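In order, the protein sequences belong to chains W and A. Sequence positions in the first sequence follow the numbering used here and run 1 to 366. Sequence positions in the second sequence follow the numbering used here and run 1001 to 1269. The beta carbon of each residue, even a glycine, is placed where N, CA and C say it ideally should be. Note that the structure is a prediction, hence the values are computed from the model and not measured. Notes to accompany the following structure.
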Amino acid sequence: MSTVEFRNVSKQFANGTVALRDFSLKINDGELVVLVGPSGCGKSTILRLLAGLEDVTAGDILIDEKIVNQIIPQQRNIAMVFQNYALYPHMNVRSNLEFPLKMLHTAKESMAQIISDIADILNLQDLLDRKPAQLSGGQKQRVAMGRALVRNPSVFLLDEPLSNLDAKLRAQIRADISELQKRLQKTTLYVTHDQVEAMTLGDRVAVIDSGELHQIGKPTELYQSPQSIFVARFIGSPGMNIIASRLQKGSNNQWVAKAGKLVDIPLSKKPAKHFLQEGEFVYAGIRPESISTQPAEKCLRLRANCVTTEFLGHETLVYFYLPGIERKTPLIARLPGQFHPNGKTTDLFITPETVYLFHRNGTAIL
Amino acid sequence: MSVYLALGCLTLIFLVPVGMMISGSFKPDSLVLQEAGQLTSFFPDEIVLTNYQDVFARVDFAQYIFNSIYITGTIVLFGLFANSLAGYALSRLHWHGRKLILAGVIALIIIPLEAIAVPLFYEVTLFGWRNTYLVQIVPFIANAFSIYLFYTFFLGLPRELEEAARIDGAKPLRIFTCIVVPNAKPVFAAVAILTFLTQWGSFLWPLMVTHSENVRPLPLGIALFYTLPPLQWGDIFAFGVMMVLPVLVVFLVFQRWFVQGVASTGMKG
């Protein structure tokens, strides 16, 4: 049984930088929670606070229901994998794995047994006598995982462990981590800036920006029901298209988000928030994959100018400009197969059910 | 090409005196100055060992070299210990007044021994340390330049190594000895050699605070040959060769680390 809880935790560094504001989060036993956000958002600070490498400015951190604010790192029974692996360069793999056990005064026989078991799990048997400099990125990563696992920690922390690997290896190690976590059922906190990693690994994903928790939920919840523009833009690849609009009642009493003078984005229903008036400034959100070039029933047709295309093999990202809208941010569509713009303008089709609506303060309305 | 020519000339300028010293030490004393200034002086017609025999006969060379090794070795060993800990504390630990102390250390680098020799003399006299090994060792263990070298090197070591060790359960002293020191061999070698070179040639301070042959180091031994008649340059050269030999050995053994250490501490050679 290992739970982790952050209760209204804040962190301000000596130079005045506020890294975390009133952050609260509870991680259940055996759960893998991914902290995701842009660089400098405070996600690594959360990990360092939990590890005891930094002190909290306010609030409490609890491991297994016990406040650990004043407890030194080695007594928290946690293990951490660092972004650059932090393997001891002067020790071979075996000594790297032995180091945490020596600190725990483990008997030699049981130490050898533990290392053999971990080496089997992570396929390190052939690497035990090599120094870190003689290992590839993926091998270093596995050794770092092994060093974290030998102590049998109650909480497992991973700080962007895949960021130094190439794309192919990243996908493979990602799958390995997921499989290992499911097998060992360790409570895990995983930090990344890559939303694909977050969506594929996390039982739950916490989206953080500027030291604040924007939303936490299952990956599908974050994708389908983003509670803010930031989450909508961050989750999804590419993120949601956000279009500044005004709320209006169109023909047939249908509510629309009017962008510029020419574009009416249909809404599936009237926004529930009663204080919203006609003419109110809002943001309409459309996922790139919700845009189609094929007409469907009750869908809106938009005429857009194609600017550029990015062919990705199985799909094409197409960048459009909508008429009468400031040409700062293009509308991105994710279209299946290879897309060839037929002439200057293209007809795009959007169903009202796929349109999101956000208040001017960035929170979701619809 | 012209660069190589210039470098070659510079190398010659540095090597010629050393060559003269070595060849002069193997010549009969009468020929040492007679042939000086000629190219043939580097290749003696007759090789003799009388100068070396003279050195051992005229002074207690074994005592001098023991004194130098003991004094320099102790300063190097204790200096590595104390200065590395100070550098580590300045680069990694957080404590009040750290920046002020660091500024003080940097300022101390530019103060030469000659500027503080007299007050230091009074101080050690007060302690009753004159004419001892202690007086030649203690004031030179803590060294601002060594502390600064360690400080800059430790700043460049990845902090994650120490953090990983903390999480693994290591206490600060264990982290320093098991993680930091093994990864800081180049700077330890650089500081050891620099300290050794400085202290091996130390002259002014031992001259001020010692008067007995029993505790005096080699540079004061060689100075004796200028004041004890007859003035024999062959003996001086032979003494010089024997004095320089340990330095060369130390440098050749640690050369690889030394170059690495000087490069990684950002100090220009």
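What does the Cβ neighbour count give for residue i, buried or exposed, with the cut at 16 atoms within 10 Å?
i: C1009/A; result: exposed
i: T1265/A; result: For T1265/A, the pLDDT reaches just 46, beneath the cut-off of 50, and the residue's location in the model is therefore unreliable, leaving the point undetermined.
i: A1115/A; result: exposed
i: Q1053/A; result: exposed
i: R301/W; result: exposed
i: Y1064/A; result: buried
i: P288/W; result: buried
i: G429/W; result: Residue coverage of chain W in this structure runs from 1 to 366, which leaves residue 429/W outside it and unanswerable.
i: W1095/A; result: exposed
i: F1042/A; result: exposed
i: A1192/A; result: buried
i: K1268/A; result: Confidence in K1268/A is poor, its pLDDT being 33 and thus under 50, which makes the residue's placement unreliable; the coordinate value appears in the next sentence. K1268/A should be labelled exposed.
i: E197/W; result: buried
i: D29/W; result: exposed
i: Y1088/A; result: buried
i: G1024/A; result: buried
i: I265/W; result: buried
i: I384/W; result: Because residue 384/W is not part of the residues shown, which for chain W are 1 to 366, the question remains open.
For a contact meaning CB atoms closer than 7 Å, what does residue i contact in chain A?
i: H314/W; result: Ordered by position in chain A, no residue passes the 7 Å Cβ test against H314/W, which lies about 39 Å from the chain.
Which chain A residues sit within Cβ distance under 8 Å of residue i?
i: N84/W; result: P1158, E1160
i: I78/W; result: I1167
Taking only three categories from DSSP, how would you classify residue i?
i: L1012/A; result: helix
i: A144/W; result: helix
i: C1178/A; result: helix
i: K249/W; result: strand
i: Q215/W; result: strand
i: V1048/A; result: coil
i: M199/W; result: helix
i: Y88/W; result: coil
i: G1135/A; result: It is Val, not Gly, that sits at residue 1135/A in the sequence shown. It is helical.
i: P266/W; result: strand
i: A14/W; result: coil
i: N1067/A; result: helix
i: A206/W; result: strand
i: V372/W; result: Given a span of 1 to 366 for chain W in the structure shown, any question on residue 372/W remains unanswerable.
i: I71/W; result: coil
i: V1215/A; result: coil
i: E1114/A; result: helix
So, using beta-carbon positions, are residue i and residue j closer together than 9 Å?
i: I242/W; j: T329/W; result: yes
i: L189/W; j: I173/W; result: no
i: L124/W; j: V81/W; result: no
i: L35/W; j: V191/W; result: yes
i: I325/W; j: G260/W; result: yes
i: W1233/A; j: D1029/A; result: yes
i: T1195/A; j: L1080/A; result: yes
i: E1213/A; j: D1045/A; result: no
i: A206/W; j: L157/W; result: no
i: I1141/A; j: F1078/A; result: yes
i: V282/W; j: R233/W; result: no
i: N1051/A; j: P89/W; result: no
i: G1201/A; j: M1021/A; result: no
i: R1092/A; j: I72/W; result: no
i: T1210/A; j: V1135/A; result: yes
i: A296/W; j: T351/W; result: yes
i: Q224/W; j: E160/W; result: no
i: G146/W; j: L165/W; result: no
i: L322/W; j: I291/W; result: no
Anything in chain W within Cβ reach of residue i, meaning under 9 Å, just list it in chain order.
i: R1166/A; result: A51, G52, L53, I72, P73, Q74
i: E1163/A; result: R48, A51, L53, P73, M80, F82, A86
Along chain W, in chain order, which residues have C-beta atoms closer than 8 Å to that of residue i?
i: E1123/A; result: Result: empty, since nearest Cβ-Cβ is about 38 Å, beyond 8 Å.
**Prompt:** In the segment 1011–1041 of chain A, which residues sit with their C-beta less than 7 Å from some C-beta in chain W, listed in chain order?
**Reply:** none
**Prompt:** Quick one, which residues of the segment 225–251 of chain W are near chain A if we go by CB-CB under 8 Å, in chain order?
**Reply:** none
**Message:** Residues of the segment 1168–1182 of chain A in Cβ contact with chain W at a cutoff of 7 Å, in chain order, please.
**Reply:** D1168, G1169, A1170, I1179, P1182
**Asked** When Cβ atoms are compared, which residues of the segment 80–105 of chain W fall closer than 7 Å to chain A?
**Response** M80, F82, N84, A86, Y88, P89, H90, F99, P100, M103, L104
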